[in-house]
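The opening residue of the sequence shown carries number 9 in the working numbering; numbering runs sequentially from there.
C-beta: ideal position from N, C-alpha, C; glycine also.
Here the structure comes first, spelled out in structure tokens, and everything after it is commentary.
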Amino acid sequence: MTGLEALLDWFAAGREAVEESDRSAVLDARLRALPREEIFLYVKPIDNTQVRCVARRAEWAPGAVTAAVFLVAALCIITAIVPSTTILAINHRIESLKEQKAFELNELRRLRSEKAELSSAEKLEQYAGERFIAPPAKAMVYAPPAKSTVASLGAR
């Protein structure tokens, strides 16, 4: 029977707790806003306008060491990065100059072929019309080949 009695007491205790909380809510409304008002707190006004700040001389050393470490680390990183970026920039410039050389060489070839076309016998006849007289074969002067060409022909 003790188990059943304990269970009933438990239920009854729950009802009593609810009734007591209702009563305490009514009592709480009657309490003052500041409990323990017998505690006296004294606040002393402090004027710090005349106080001079004392600098700690030992505090600058860790800051200086930290700044030096970061400066050295930054210089190491820059020293590691600058050569590779310079090499990349120079390689890029070399490639662009090679492309420009190829373009200029093609332009030179195009201009030479245009010049040869404009100075051909057919074009000269077309420009001169009836006034063009072809020179006799004896009047033609042929320039000798360059020395390097002659030397290479002799090597054959």
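{"query": "Helix, strand or coil for Tyr128? Go by DSSP, reduced to three states.", "result": "For the record, residue 128 in the displayed sequence is Ser; it is not Tyr. In the structure shown, Ser128 sits in coil (DSSP, three-state: anything other than H, G, I, E or B)."}
{"query": "Contact check, Lys131 vs Glu122 under 8 angstroms by CB: the rounded distance?", "result": "Not quite, the Cβ-Cβ distance comes to about 11 angstroms (not below 8 angstroms), so this is no contact."}
{"query": "Given this structure, state the Cα-to-Cα distance separating Arg164 from Val90, to the nearest angstrom.", "result": "Model confidence at Arg164 stands at a pLDDT of 49, short of 50, so the residue's coordinates are unreliable; what they give is reported in the following sentence. Between Arg164 and Val90, the C-alpha separation is close to 53 angstroms."}
{"query": "Determine the DSSP secondary structure at Leu49, reduced to helix, strand or coil.", "result": "coil"}
{"query": "Which value, in whole angstroms, describes the spacing of the CA atoms of Glu133 and Pro144?", "result": "15 angstroms"}
{"query": "According to DSSP, simplified to helix, strand and coil, what is Cys61?", "result": "coil"}
{"query": "Helix, strand or coil for Phe140? Go by DSSP, reduced to three states.", "result": "coil"}
{"query": "Three-state secondary structure (DSSP) at Arg164?", "result": "At Arg164 the pLDDT is 49, less than 50, meaning the model places this residue with poor confidence and gives no usable figure here."}
{"query": "Give the secondary structure of Asn56 by DSSP, where H, G and I count as helix, E and B as strand, and everything else as coil.", "result": "coil"}
{"query": "With DSSP as the reference, label Tyr150 as helix, strand or coil.", "result": "coil"}
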